[in-house]
Each structure stands twice: as structure tokens, then as C-alpha cells.
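*Asks:* A single structure is presented below for examination.
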Amino acid sequence: MKRTILFILFIFSSFFSKAQELITAFEKSNGAETATYQEGINFYKELAQKFPQIDMREMGKTDSGEPLHLVVFNKEEKFRFSELQNSDKPILFINNGIHPGESDGMDASMMMLRNWAQNISRHSFLDSVIVAVIPFYNIGGALNRNSTTRTNQNGPEEYGFRGNAQNYDLNRDFIKMDSKNAFAFAEIFHQLDPDVFIDTHVTNGSDHQHVVTVLTTQHNKLGGNLGEYLEKEFEPMIFEEMEAKGRNPIEYVNVHGTTPENGWTQFWDAPRYSTGYTTLFQTFGFMTEDHMWKDYKTRVENIYDFLNIATELTAQEGSKIQKLKAEDRKQILNADSLPILWKNNKDEFKMITLDGYTTSYPESELTGNQLLKYDRNDTFEKDVPFYNYYEVEKSVQVPDYYVIPQAWFEVINRLQANGVKMEVLKKDTVISVEVYHIEDFKTVSNPYEGHYLHYNTKVEKSTQKVAFRKGDYMINTQQKARRYIVETLEPEAQDSFFNWNFFDSILQQKENFSAYVFEPKAKEILANLPSEEQAEFYERQESDSVFASNNYAQLDWIFKRSEHYEKAHKRYPVYRQMPE
């Protein structure tokens with residue numbers, strides 16, 4: 117009898133000990149703390165060791181020197197990328213810790229995967245979905261732990277920092293790929309080819325009663341059948357299921373410098389952002405933005421429900437999502453032109469319900485000026501317009517091929533990292549191509565994420581025969597990455613490689629002239645120009661006093677129309693072979 121009691125006590129204590137090992141820092145602190153990087157990684161390692169449905173692997177280095185980890189939950193216990201790709205099950209991909217001070221999703225994901233594994237028979241939806249999780253994307257920021265930099269945030273007690281090991285905001289890095297993190301992410305993303313993507317955040321901005329705000333992939337930009345399905349079916353289902361659990365989600369409150377009671381425009385998730393990037397490959401996404409002033413325990417509980425509901429719906433709707441995705445990819449391959457610029461359509465909107473707080477502008481005791489104040493004791497409910505429709509501002513005809521000289525290896529590396537297939541020229545070749553010259557552009561006045569970003573870029577085009585060298589690259593646009601190729605290589609696109617400064621060397625003229633030497637030759641060149649250009653020169657002398665009084669400006673006008681002017685200046689070095 118004594119031995120039996122001791123055995124039972126041993127079994128109970130062993131079980132209790134193992135259960136205790138799988139308790140998160142969040143739970144141990146009653147919702148006050150978040151896991152450190154090492155605690156989180158160790159937690160997932162234990163899960164992978166204890167449960168055959170969970171796998172954890174390293175996927176490339178990050179700027180911090182630490183590897184990027186990927187955790188996969190698959191009830192079938194198959195984890196090779198080839199097996200995941202060949203599975204009929206949809207894939208939900210969750211990215212946590214891109215801003216490690218916004219840790220809600222990190223803790224929620226740990227508990228969710230553990231709870232699934234411990235109670236797998238209760239979750240039948242796990243038969244029909246694969247879930248992949250990055251536990252900590254910005255590892256450098258997670259290691260830079262503090263309790264002061266999230267000034268307006270209500271918990272946890274300590275957290276990571278927004279900037280990564282190089283001080284980049286990684287949620288601006290998905291196109292320019294300045295970080296090793298971005299290359300590792302791209303490898304994971306293309307190996308998974310997920311159907312639904314979620315990036316977890318905490319928001320700054322206006323005050324209101326909602327805990328979870330949701331920045332959904334812009335449906336017009338996603339386009340096609342998927343865009344319509346996301347707007348009319350999938351997102352409403354998530355919101356309905358959240359509300360059924362007593363949660364109160366709302367569209368991301370994109371309000372800065374004002375208050376939300378008059379409505380707002382949907383945030384434009386350009387390709388530099390995670391959900392804008394995934395859209396280029398027909399993966400729709402959600403950037404969850406928990407409200408900063410809600411307590412940490414409440415925020416994590418809400419995002420836990422959001423992730424769980426999104427997983428259930430992905431399982432339920434997986435076949436439909438995959439069918440629409442395949443149809444849209446076919447449609448994109450057959451499209452003669454693709455959009456590269458968009459603008460908000462203020463004539464179309466939907467009404468949504470805002471649970472807000474009344475506002476006033478009392479005089480600040482500190483500054484002596486009027487300052488916005490929200491009264492959390494005075495609430496209201498109001499239907500407000502949400503302007504979530506965008507229309508195409510500019511489209512481009514898609515060439516059969518882009519041709520890019522091998523010298524531009526930084527661009528080539530990024531294209532290849534995103535699965536872009538290329539053909540290498542086997543010999544020197546002259547090809548008739550469409551050539552862009554940069555006609556105009558604007559540049560931001562302050563550095564932005566390590567760059568001086570261009571915008572409002574304009575090009576003029578011509579058809580020329582261009583000599584290419586053995587080893588240069590031909591990029592056939594008939595491939596899965598078609599939208600990504602167009603939106604990165606078309607210089608007028610918002611997040612093109614040109615606008616991100618990858619081709620800035622062409623903007624500087626390398627050779628020039630001395631006026632006193634060039635003037636005699638300039639007279640000869642002008643005399644041999646076509647009569648229309650001569651007339652243009654003399655007319656400008658008459659009508660433009662600044663031009664007429666500037667020797668250099670007049671000589672430069674002639675120089676740029678002569679054989680001495682270098683061909684490379686402002687000639688965009690990515691060429692377009694058009695359909696015949």
C-alpha cells in the first residue's frame with residue numbers, strides 16, 4: 117500500500133513538474149510579463165521535444181548573429197518543406213516580434229501551440245490546417261530589453277526595442293532587404309507559400325474602447341477573386357467570431373494628429389510592410405494592432421482569440437482560399453498590364469461602429485497650450501465612415517522580359533532571394549529593348565530607414581538596340597513572382613528598387629566640360645543640330661532671362677544634345693523586351 121501511494125505521488129509530481137515546465141512567463145506573472153528571447157526559444161524547444169506535432173528549426177542568420185527560428189504545427193507530423201508544399205492543407209503563417217516591444221502575439225502564440233498540443237483531440241480543425249510561427253523576428257530588438265522606450269504602452273513590465281541590431285525598423289524592410297532578417301524571412305515565406313499571413317503588433321495613436329484593431333490587406337490592391345473574398349467574407353467572419361467571444365475588434369484606427377469620430381482612411385500597406393509584401397504573391401494578411409493603453413493581460417487574451425479564430429477559419433475556408441489563389445495567379449500571368457500606383461477613392465466607403473471616448477482640448481499646465489484629452493469616463497458609440505477603397509492611378513504594360521546587367525548584383529540578389537527565375541545570357545548579344553530615362557523624381561529631405569527615399573518618379577521611354585554582355589540576366593515575367601518583379605523593377609512604382617536608391621549612381625553625371633574649352637565646339641554642334649532644336653535654343657535665349665544670362669546653362673543645353681554626353685546618365689539600367 118505504501119509503495120502504491122509513493123508511486124502515485126511520483127507520477128503526480130512528475131506530471132505536475134512537466135506541466136510547470138510548459139508555463140509561460142506571461143502566466144507565471146499573471147499577465148504582467150513577457151518571455152525573454154531565450155525563455156521563448158527554450159519554451160518552443162521543449163514543445164518540439166514533447167509533442168510530435170511540433171517542429172522547430174533554424175532558418176538563416178539575423179543581424180544579431182542569432183538564427184531565425186521557425187516553428188511548425190502539423191498534426192500529420194510532416195515538416196519537410198516539400199511535404200508542406202504538397203499538402204492539400206492551407207498554411208497559416210504568423211510572424212511575431214517584428215517590434216519586440218509589441219510582444220502580445222509572442223506570448224499568445226506560445227500558449228496557443230501548447231494548448232493545441234496538450235488537447236489535440238479537442239481541436240478537430242487542426243486536421244485541416246498547418247500553422248507556421250516565427251517566435252521572434254527581430255531578435256536584436258528582443259535582446260535589447262528595457263522598460264522605458266514604449267512610453268505610451270500599458271505593460272508588460274519589460275520588453276524589447278523596436279529597432280533591430282542595425283537599428284532598422286524591420287517592418288519597412290521587406291522590399292529593400294537591408295537586414296539579414298529579411299533574407300531569412302523571404303526564404304521561409306517562399307518555402308511555405310502560405311495562404312494567410314498574420315503579423316502581430318501593438319499600436320500607438322488615438323484612444324478608444326477597442327482592444328484589437330486589425331489592419332487587413334487592402335482588398336483592391338490584393339485584387340481579383342481573393343480581394344473580393346477577403347473584403348466580403350473572410351474578414352467579416354473573423355470579426356463575427358471575435359464578437360461571439362465577447363471581443364470588440366475594429367479596423368485599424370488610422371488617425372494621427374486628430375480624433376477618430378469622423379472616420380478615417382484605410383492604412384495603405386505598401387510592399388515595404390509585411391502584409392503589402394505578401395500581397396505581391398497572393399497571400400492575404402492581417403496586421404493586428406492591439407491598443408497600447410489596454411492592460412497587457414487583456415491584450416494578450418484578445419490576440420490569443422484572434423489567432424485561434426483565424427486558424428479555425430483558415431482550416432474551414434482553406435479549399436476555397438487555395439482555389440481563388442490559383443485563379444488569381446493565372447489571371448495575373450495573363451494580364452497585359454499591372455497596376456503600380458494607387459490612390460484612395462473618397463467616394464466609396466463602408467460604415468463601421470466606433471466605440472470611442474469624448475475629447476476636449478484643455479489648457480496644458482505644462483506647455484500653456486491647448487492639448488488633446490480623451491475622457492475615458494464619457495463613452496460613445498457611433499457609426500463612422502471607413503474609406504477602404506483604392507483605385508488604380510497608374511498601370512504599366514508588362515514586358516515579356518526584363519533585362520538586367522550583371523553589374524547590378526544587389527538587385528539581382530534580392531530578386532533571387534524572392535524566387536525570381538532568371539536566364540543567363542550565354543554570349544554577348546544586341547537586343548531591341550524599351551529604355552527608360554529618369555525624367556523627374558522627388559526625394560525626402562530626411563533619412564528614412566537608412567535611405568533617402570525617392571517618390572513621384574517619372575520616366576520617358578524609347579526603343580533602342582542595346583548591347584548586353586555574356587552573364588547578363590533575362591527575367592521572364594511569366595512566373596509566379598510576376599507582380600513582385602513588376603513592382604520592384606518599374607521605377608515609378610512606390611516601392612521600386614529605384615525609389616529605394618539602388619540605382620542612384622545613374623543620377624550623377626560622371627563626365628562634363630570646361631566652358632572656355634567647349635564653347636568653340638558648342639557653336640559647331642549647335643549649327644549641326646536639327647533646325648527644330650536650333651529654333652528651340654534661340655527661342656529660349658529670348659524668353660528665359662535666367663538661361664540667357666548663364667553661359668554654363670546654354671553650353672550644357674548643347675552638350676546634352678551632343679555625342680559627348682554620356683549615355684548612362686539617368687538611363688535606367690533595367691530594360692524591357694516588349695511583346696512583338
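Its first residue numbered 117, the sequence shown is counted upward by one per residue in my numbering. We treat Cβ as the ideally placed atom computed from N, Cα and C, and that holds for glycine.
(1) Taking the straight line between their C-alpha atoms, what separation do you get for SER511 and GLU608?
(2) Spatial neighbours of THR593 within its chain, please: C-beta separation below 8 Å, excluding the five flanking residues on both sides.
(3) May I have the straight-line CA-CA distance separating ILE419 from GLY339, to the nearest angstrom?
(4) Please determine, among PRO352, LYS626, LEU605, LEU454, the residue with the shortest C-alpha to C-alpha distance to ASN617.
(5) What are the partner residues of VAL318, as DSSP defines its beta bridges?
(6) Spatial neighbours of LEU487 within its chain, please: CB distance less than 6 Å, with the 5 preceding and 5 following residues excluded, ordered by chain position.
(7) Under the three-state reduction of DSSP, which class applies to ASN297: helix, strand or coil?
(8) Would you give the residue range spanned by the beta strand (DSSP E) that TYR389 belongs to?
(9) Contact check, ILE314 vs THR404 under 8 Å by CB: the rounded distance?
(10) For the beta strand (DSSP E) holding SER435, just list the boundary residues, first then last.
(11) Please report the distance separating the alpha-carbon of GLN154 from that of ASN262.
(12) Using DSSP with H/G/I as helix, E/B as strand and the rest coil, what is SER578?
(13) Does DSSP put ASP60 in a helix, in a strand, or in coil?
(14) Can you check whether the CB of LYS337 is closer than 8 Å to the CB of TYR506?
(15) Give the straight-line distance between the Cα atoms of GLU679 and LYS177, rounded to the nearest whole angstrom.
(16) Got a sec, what are the start and stop residues for the alpha helix (DSSP H) LEU331 sits in?
(17) Hey, quick one: how far does the alpha helix (DSSP H) through GLY156 stretch, first residue to last?
(18) Per DSSP, what kind of secondary structure is VAL527 in: helix, strand or coil?
(19) Runs of 4 residues minimum, wholly inside the stretch 582-664: which ones carry the alpha helix (DSSP H) assignment?
(20) Thinking just about the alpha-carbon of each residue, which of GLU627, LEU623, ARG677, TYR668 is nearest to the one in PRO646?
(21) Let me check understanding here. Comparing Cα to Cα, which of VAL245, ILE425, ARG278 lies closest to GLY217?
(22) I'd like to confirm the pairing. Which residues does DSSP put opposite MET358 in its beta bridges?
(23) From the DSSP output, which residues share a beta bridge with TRP380?
(24) What residue does the alpha helix (DSSP H) around ILE674 start on, and which one ends it?
(25) Going by DSSP, which residues form a beta bridge with GLN486?
(26) Would you check if there are 3 or more beta carbon pairs closer than 8 Å linking the stretch 297-308 to the stretch 409-423?
(27) Could you check if PHE619 is buried or exposed, using at least 16 other CB atoms within 10 Å of its CB as the buried criterion?
(28) May I ask you to verify whether the stretch 493-507 touches the stretch 543-550, counting CB pairs closer than 8 Å and requiring at least 3?
(29) Name the residue from LEU482, GLN657, VAL549, ASP444 whose alpha carbon lies nearest to the alpha carbon of LEU342.
(30) Can you look up LYS337 in the DSSP assignment and give me helix, strand or coil?
(31) Below 8 Å on the Cβ atoms is my contact criterion, and I expect ASN438 with ASP243 to pass it. Report the Cβ-Cβ distance as a whole number of Å.
(32) Does the pairing of the stretch 228-236 with the stretch 317-325 give three or more beta-carbon distances under 8 Å?
(33) Who are VAL546's beta bridge partners in DSSP?
(34) Less than 8 Å between the beta carbons of ILE214 and TYR253, yes or no?
*Replies:* Per the coordinate set shown:
(1) If you number the sequence shown from 1, residue 511 lands on position 395. If you number the sequence shown from 1, residue 608 lands on position 492. If you take the alpha carbons of SER511 and GLU608, they lie about 10 Å apart.
(2) The residue given as residue 593 occupies position 477 in the sequence shown. Excluding sequence neighbours, THR593 sits near VAL514, PRO515, ASP516, TYR517, TYR518, ILE601, VAL602.
(3) Counting from 1 along the sequence shown, the entry for residue 419 is found at position 303. Counting from 1 along the sequence shown, the entry for residue 339 is found at position 223. Answer to the nearest angstrom: the Cα atoms are 27 Å apart.
(4) The residue you call residue 617 lines up with position 501 of the sequence shown. Taking the Cα of ASN617 as reference, the smallest distance to any Cα among PRO352, LYS626, LEU605, LEU454 is reached at LEU605.
(5) For this step, residue 318 is matched to residue 202 along the sequence shown. Residue pairing by DSSP places VAL318 opposite ASP406 in a beta bridge.
(6) Here residue 487 refers to the residue found at position 371 when the sequence shown is read from its first residue. The answer, listed in chain order, is SER480.
(7) For this step, residue 297 is matched to residue 181 along the sequence shown. Looking at ASN297 - three-state DSSP - the assignment turns out to be helix.
(8) Reading the sequence shown from its first residue, position 273 is the one you call residue 389. TYR389: not part of any beta strand (DSSP E); DSSP gives it neither H nor E.
(9) Counting from 1 along the sequence shown, the entry for residue 314 is found at position 198. Counting from 1 along the sequence shown, the entry for residue 404 is found at position 288. With 8 Å as the limit, ILE314 and THR404 qualify as a contact, their Cβ atoms being about 6 Å apart.
(10) In the sequence shown, the residue the question calls residue 435 occupies position 319. Looking at the DSSP string, SER435 is not in any beta strand (DSSP E); the run it does join, the alpha helix (DSSP H), is 412-450.
(11) Working through the sequence shown from its first residue, we reach residue 154 at position 38. Working through the sequence shown from its first residue, we reach residue 262 at position 146. Here the alpha carbon of GLN154 sits roughly 15 Å from the alpha carbon of ASN262.
(12) Position 462 of the sequence shown, counted from the first residue, corresponds to residue 578. Here SER578 carries a strand assignment [DSSP, helix/strand/coil].
(13) Because the chain here runs from 117 to 696, residue 60 falls outside it and cannot be looked at.
(14) Sequence index remark: in the sequence shown, residue 506 carries index 390 (1-based). Sequence index remark: in the sequence shown, residue 337 carries index 221 (1-based). For TYR506 and LYS337, yes; Cβs fall inside 8 Å.
(15) Sequence index remark: in the sequence shown, residue 679 carries index 563 (1-based). Sequence index remark: in the sequence shown, residue 177 carries index 61 (1-based). Spanning the two alpha carbons is a distance of roughly 49 Å.
(16) Translated into positions along the sequence shown, residue 331 becomes position 215. That residue, LEU331, is in no alpha helix (DSSP H); its beta strand (DSSP E) goes 328-332.
(17) For this step, residue 156 is matched to residue 40 along the sequence shown. 153-166 is the span of the alpha helix (DSSP H), which, as asked, contains GLY156.
(18) Residue mapping note: residue 527 aligns to position 411 of the sequence shown, counting from 1. In this structure, VAL527 counts as helix in the three-state DSSP scheme.
(19) The DSSP assignment places complete alpha helix (DSSP H) segments of no fewer than 4 residues inside the stretch 582-664 at 598-605, 631-644, 647-659, 661-664, in order along the chain.
(20) On the sequence shown, residue 646 is found 530 positions in, with the first residue counted as 1. Checking every option, the nearest Cα to that of PRO646 belongs to ARG677.
(21) Taking the first residue of the sequence shown as position 1, residue 217 is located at position 101. Relative to GLY217, the option among VAL245, ILE425, ARG278 whose CA is nearest is ARG278.
(22) The residue you call residue 358 lines up with position 242 of the sequence shown. Its beta-bridge partners do not exist; DSSP assigns none.
(23) Locating residue 380 in the sequence shown gives position 264, counting from the first residue. Its beta-bridge partners are PHE502.
(24) If you number the sequence shown from 1, residue 674 lands on position 558. Here the alpha helix (DSSP H) through ILE674 covers 667-675.
(25) Position 370 of the sequence shown holds residue 486. Beta-bridge pairing links GLN486 to GLU479.
(26) No, the stretch 297-308 does not touch the stretch 409-423.
(27) Here residue 619 corresponds to residue number 503 of the sequence shown, with the count starting at 1. Buried, by the Cβ-count rule.
(28) In short, these stretches do not touch, since the Cβ pair count stays below three.
(29) Mapped onto the sequence shown, residue 342 falls at position 226. The candidate whose alpha carbon is nearest that of LEU342 is ASP444.
(30) Stepping through the sequence shown from its first residue, residue 337 is reached at position 221. Helix.
(31) Translated into positions along the sequence shown, residue 438 becomes position 322. Translated into positions along the sequence shown, residue 243 becomes position 127. Here residue 438 is Gln; the residue named in the question, Asn, does not match the sequence. With a Cβ gap of about 16 Å, GLN438 and ASP243 do not count as contacting.
(32) Contact fails: fewer than three Cβ-Cβ distances are below 8 Å.
(33) Mapped onto the sequence shown, residue 546 falls at position 430. In DSSP, VAL546 forms a bridge with ALA583.
(34) As a working mapping, residue 214 is identified with position 98 in the sequence shown. As a working mapping, residue 253 is identified with position 137 in the sequence shown. The answer is yes: Cβ separation under 8 Å.
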